[in-house]
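Report on the structure given below.
Protein chains: 2
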Amino acid sequence: MDIKNVQKELKNSKMSGRIFTLGNMFINEDILPEENRILELTKFSGSYALLFVTPSKAYLFVDGRYELQAKKEVNLRQVEIVKLSEISFFEWLRNNYAKTATKISYNPWVISQSALENLQNLLPTAQFIPVDNSPKLLSTQKIKVFTHQKKFTGQISKDKIATFCTYIKKQGLDAYLVTDAANTSWLLNLRSNALPYTPIFRAYVLIEKNGTYKVFAEHCDYEQSLSFDKLEEILPQYDKIGADYNTSPAIIKSYNNKIKNTPDEITNLKAIKNAVELKGIRNAHLRDGVALSKFLYWLSKNYKGKTEIEIAEKLLSFRKKELNFHSESFATIAGSGANAAIVHYHATEQNNSIIKKNNVLLLDSGGQYLDGTTDVTRTIAIGEPSSDMIEKNTLVLKSHIALANAIFPQKTSGDELDLIARQPLYKKGLDFEHGTGHGVGFFSNVHEGPARISIHAKRSAEYKAGMITSIEPGYYKENAFGIRIENLYMVKPCKNPKFLHFEVLTLAPIDKNLINKNLLTADEINWLNRYHRQVFLSLKKYLTRQELEWLRFACAPL
Amino acid sequence: MDIKNVQKELKNSKMSGRIFTLGNMFINEDILPEENRILELTKFSGSYALLFVTPSKAYLFVDGRYELQAKKEVNLRQVEIVKLSEISFFEWLRNNYAKTATKISYNPWVISQSALENLQNLLPTAQFIPVDNSPKLLSTQKIKVFTHQKKFTGQISKDKIATFCTYIKKQGLDAYLVTDAANTSWLLNLRSNALPYTPIFRAYVLIEKNGTYKVFAEHCDYEQSLSFDKLEEILPQYDKIGADYNTSPAIIKSYNNKIKNTPDEITNLKAIKNAVELKGIRNAHLRDGVALSKFLYWLSKNYKGKTEIEIAEKLLSFRKKELNFHSESFATIAGSGANAAIVHYHATEQNNSIIKKNNVLLLDSGGQYLDGTTDVTRTIAIGEPSSDMIEKNTLVLKSHIALANAIFPQKTSGDELDLIARQPLYKKGLDFEHGTGHGVGFFSNVHEGPARISIHAKRSAEYKAGMITSIEPGYYKENAFGIRIENLYMVKPCKNPKFLHFEVLTLAPIDKNLINKNLLTADEINWLNRYHRQVFLSLKKYLTRQELEWLRFACAPL
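Protein chains in written order, with this note's numbering: chain A, 1 to 558; chain B, 559 to 1116.
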């Protein structure tokens, strides 16, 4: 299908427009390329966008990360790009459609109930018309489902369900429909090979307050699962049933109008990692640090003439040798020079570049291990980078350290932390157009809620001990270079338990060739030296003699 | 009246308890001592508290600033002190009264409508019974009302009213009752001598959407004013009338149940100072800096044997000599040694101390000038303070500079700024139990909304260019000493107008005898040296030769 077909359909049915989201029936989850309607319609390949097609035009809404990329990928004669950094989709819709009675179509399997209600409140005179009423966006490839063993999860599914049932009863419900696939996966200790980077089992689970449950999934070898079609028959059987309107598609409420909007508490439960998970996460980060450091040594000797794709493949080959490795946790971003200025750049056969000399290479990658998920960005000097690159990298490092070193009271939210991280950049009139940090799942989504560090995280979830977060400030100079320094941290209580701090998980050297020591304070230099000492002591016994010599130098005090 | 009388009354009328606020019919405003029921009942003299009296007990709720002071002032056998830092009044009430049907009495003139509604929601089974239905808490002394001239305000009352009427109409209202006395004073460009420190005219104003208005006030020489009793007769005449439930006493809604809760927009209008006000504020701060610096020189020569009260009187005598001086903006806090550890200490005949040697003197004071309000705290070394005092003062200075130097995007709220300020203290396991900053009125309340810098200011008003705020971190060591460093700042746009920063208003040296330079970064030292250079250059032409020599030394680079 292409945009012209959509426009023909709109004209025939006298519609004013149609909304396309990038998702499928698992709202906000990772999707397969063949499920990506926006990719199909516009060629935009980023991980977040909205598309609004009218009979005569099409508008693609993208955030700061994807502005440059969208410009490169879409046909600008057919699709107008709207920057979400300047106007929200809702505001845009209100500006353009609030005063005219309109008919807007949508697929009720791919829009959440809360998004639909927001749209209805926003445009009370409009009619929103569901079309395309089947969850057909799921891939039809046969999926292998497997158990995430207790030695990794630390808790059996039965115990997790018991905890969740307490919540169901407390809400006065008889049953709850979990529509968030990562939450289903956590609750049942199940995983699958459905997605290349995120090992979740894409399923819904309907739990009764006594703990019995039904799983809804398709095209998989999980035998007890029911087809999604069964929801239409089963959901109306409950009077007191809850679902989270933020993650349940609009079609769910159309099956049973009594379904009560009830936050999915699993999101909070799974964000706090238990002792077994935390031990695994530390071990996984040690192995990931070994792989990344071996790769960095290799890169220092072999970067000449290599392409971004070759770099990413080589890094994967190092990770594959490590225990419990399952897959990358997302498609590696290896961006050289101007490519790295595109925040979520991915090298493809078309744009793949040879690593540029006298520039920087931005390398954002991670692994899914059975005992933990990693996500790390290093920016690496190739040849002799300019003093501008060194200054900007040093500012990004100051920004990283400002937050990594922060102490904050219980109940601190992500917007408060964000302002701390950005101070060193703001003071030089610089900024970056993406979040400063995200939660990370356990052998699950590399981006996990509920907390995140962002200027937009006002009123968002509070940070709590046991959570994992990335810290990843950056700086991007269009058409020139890109910088980001990312580690994962766990949130820990201070001696005074009213306060929290971050403990580092990621173990890999930060490139000193890109640091101007004169721009760092004594505290910042101490942080870096302490961090490098920890990296060296942790990794040293897993390296060859040459790798060790390289690491000793890379981790020597500034 | 004393607590025993209240308890007798409660028993006779079979009540479970009575709530006393510290306020009068001008909710959250400064009050006269003779209007302070909590002072009368408990002897607690702080500026914020709640008192709950039951037939057998009395509970005084105080915040972090007043915990020590309350312990000293009240009869602990009769009154139990409850720390608001540990439990909110509402939580406490729910814990103790949620499960029993209770009757609780209150004075509907001194509790806001929103507080009453919160209480009713909190304890749905309780009956809240208004008693004492007259605004009798107003002083009966004859009040002089005067015009705040246009050369100071920059805008005539008629124009302010026209702006506000646009808001009234936009809300679909025919009239609006302003119950916030500072807002009435701003709107009408009127002031009075009713309060010793806050020159506001304590009046309500009822504005119709065409701009005509009625003023309600008592015991004053403002001839057009009506008695508050008239409200009962006049308010029911309006169908579409608004008032702000946060500042209007509960009795108002009992007069006309149709009154619609509508935020008082004057709070936002008056917070953004206009160009004439800002020019006045700068001039007032220059004169206030001259007075304070002359005093500091005098103090350096004359502290021996002086009492805290003598210090405060001497400082006032310097301010009195300055142009446009009207009064202090609050009772000066001159606290020596352990007294300064009581955050809002006031020297009285009973506790007045002689300035301690080899300690620090905390001096928090300010002036009301016709062209601006000041508020400044300096902590001054007396003799040879201990290295602990110097270390803590240096940390408080780091905290002050961290925020004074901050750059922040539009829409930043006070909790985000608060976390920046406290980082240097948190990192040493230290904290202070009061807000980091408050808005400041223009020849009006020294504490003015809507924005404030506080851990508790989540979801509070955003900072905007033209606002004035204090920055005043501190450190308090019980029974030993207290430190606070406070300047006022105006909020200004950066070159990139998406960002804001602070421009300093207060001009007085920060005591270098209490600074350990080794604990400061190069940026912090630069900030202090630049600030002192500005202080010196601004004040130098207004001082005597000896004062100038002293200031040159006090402002010399670190």
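From the three backbone atoms N, C-alpha and C, an ideal C-beta is built for every residue, glycine too.
On a predicted model such as this, the values are computed, not experimentally measured, just so you know.
CA nearest to the CA of residue i, picked from the options
i, options, result
"alanine 1112 (chain B)", "B:Thr1102, B:Tyr1100, B:Leu961, B:Phe1094", "B:Phe1094"
"arginine 749 (chain B)", "B:Leu789, B:Ile765, B:Lys708, B:Lys788", "B:Lys708"
"phenylalanine 128 (chain A)", "A:Glu308, A:Arg18, A:Pro509, A:Thr247", "A:Arg18"
"asparagine 951 (chain B)", "B:Leu580, B:Gly997, B:Gly993, B:Tyr1033", "B:Tyr1033"
"alanine 405 (chain A)", "A:Glu448, A:Ile471, A:Leu22", "It should be noted that the sequence gives asparagine, not alanine, for residue 405 (chain A). Comparing Cα-Cα distances from asparagine 405 (chain A) to each of A:Glu448, A:Ile471, A:Leu22, the minimum goes to A:Ile471."
"lysine 630 (chain B)", "B:Gln636, B:Phe602, B:Asn654", "B:Phe602"
"threonine 994 (chain B)", "B:Leu975, B:Lys985, B:Glu835", "B:Leu975"
"isoleucine 266 (chain A)", "A:Pro450, A:Asn28, A:Asn12", "A:Pro450"
"leucine 961 (chain B)", "B:Arg980, B:Leu874, B:Ala808", "B:Arg980"
"glutamine 559 (chain A)", "A:Ala101, A:Asp132, A:Gly46, A:Leu188", "Shown here, chain A extends from 1 to 558; a query on residue 559 (chain A) therefore has no answer."
"lysine 702 (chain B)", "B:Thr742, B:Asp779, B:Gln795", "B:Asp779"
"leucine 642 (chain B)", "B:Tyr903, B:Thr737, B:Tyr624", "B:Tyr624"
"arginine 652 (chain B)", "B:Leu681, B:Val1062, B:Leu1046", "B:Leu681"
"histidine 1014 (chain B)", "A:Val79, A:Ile468, A:Gln410", "A:Gln410"
"serine 105 (chain A)", "A:Met15, A:Leu188, A:Ser444", "A:Met15"
"alanine 312 (chain A)", "A:Glu322, A:Ala331, A:Lys301", "A:Ala331"
"threonine 54 (chain A)", "A:Asn268, A:Gln69, A:Lys11", "A:Lys11"
"lysine 879 (chain B)", "B:Asn909, B:Val632, B:Arg845", "B:Arg845"
The alpha helix (DSSP H) enclosing residue i, as first and last residue numbers
i, result
"leucine 568 (chain B)", "561 to 570"
"methionine 573 (chain B)", "Taken as a continuous stretch (DSSP letters only), methionine 573 (chain B) belongs to no alpha helix (DSSP H), as it is neither H nor E."
"proline 967 (chain B)", "Per DSSP, proline 967 (chain B) belongs to no alpha helix (DSSP H); it is in the beta strand (DSSP E), 965 to 967."
"tyrosine 167 (chain A)", "157 to 170"
"phenylalanine 61 (chain A)", "That residue, phenylalanine 61 (chain A), is in no alpha helix (DSSP H); its beta strand (DSSP E) goes 58 to 62."
"lysine 828 (chain B)", "824 to 829"
8 Å CB neighbourhood of residue i in its chain, flanking five on each side removed
i, result
"tyrosine 803 (chain B)", "Ser670, Gln671, Ser672, Glu675, Lys811, Asn819"
"threonine 970 (chain B)", "Glu1020, Tyr1021, Leu1058"
"serine 697 (chain B)", "Leu590, Glu592, Glu593, Ala752, His777"
"leucine 731 (chain B)", "Lys767, Lys798, Ile799, Gly800, Lys818, Thr820"
Boundaries of the beta strand (DSSP E) in which residue i is found, first to last residue
i, result
"leucine 68 (chain A)", "Leucine 68 (chain A) -> not in any beta strand (DSSP E); alpha helix (DSSP H) instead, spanning 67 to 73."
"isoleucine 468 (chain A)", "468 to 471"
"glutamate 1006 (chain B)", "1006 to 1011"
"arginine 1042 (chain B)", "1039 to 1042"
"glutamine 685 (chain B)", "685 to 688"
"asparagine 359 (chain A)", "359 to 365"
"arginine 1017 (chain B)", "Run containing arginine 1017 (chain B): none; DSSP gives neither H nor E here."
"isoleucine 207 (chain A)", "204 to 208"
"isoleucine 792 (chain B)", "From DSSP, isoleucine 792 (chain B) is part of no beta strand (DSSP E) but of the alpha helix (DSSP H) over 789 to 792."
"alanine 284 (chain A)", "Element bounds for alanine 284 (chain A): not the beta strand (DSSP E) but the alpha helix (DSSP H), 275 to 302."
"phenylalanine 704 (chain B)", "703 to 705"
Beta-carbon proximity list for residue i, same chain, < 7 Å, skipping 5 on both sides
i, result
"tryptophan 92 (chain A)", "Val82"
"isoleucine 483 (chain A)", "Val360, Leu362, Thr379, Lys392, Asn393, Val396, Gly474, Tyr475"
"tryptophan 856 (chain B)", "Lys872"
"alanine 656 (chain B)", "Leu681"
"aspartate 822 (chain B)", "Val736, Asp738, Asn741, Asp802, Thr805"
Own chain partners of residue i with C-beta closer than 6 Å, once the 5 adjacent residues on each side are dropped
i, result
"tyrosine 369 (chain A)", "Ala284, Asn324, Phe325"
"valine 290 (chain A)", "Leu539, Tyr542"
Contact list for the region 975 to 987 of chain B against chain A, Cβ threshold 7 Å: So the close ones are Leu977, Ile978, Gln981, Tyr984, Lys985, Gly987.
Chain A contacts from the region 1058 to 1080 of chain B (Cβ-Cβ distance under 8 Å): Thr1079, Ala1080
The region 321 to 340 of chain A / the region 469 to 482 of chain A touching (three or more Cβ pairs under 8 Å): Short answer: they touch.
Against chain B: residues of the region 392 to 414 of chain A by CB proximity under 9 Å: Ala402, Asn405, Ala406, Ile407, Phe408, Pro409, Lys411, Thr412, Ser413
Cβ contact (3+ pairs, closer than 8 Å) linking the region 989 to 998 of chain B and the region 808 to 820 of chain B: no
Residues within the region 437 to 467 of chain A neighbouring chain B, beta-carbon criterion of under 9 Å: Ile455, Lys458, Arg459
Residues from the region 476 to 497 of chain A in contact with chain B, defined by Cβ distance under 9 Å: Under the 9 Å Cβ criterion, the region 476 to 497 of chain A contributes Cys494, Lys495, Asn496.
The region 758 to 765 of chain B contacting the region 827 to 844 of chain B, beta-carbon criterion three pairs below 8 Å: no
Cβ pair count under 8 Å reaching 3, the region 52 to 61 of chain A against the region 160 to 172 of chain A: no
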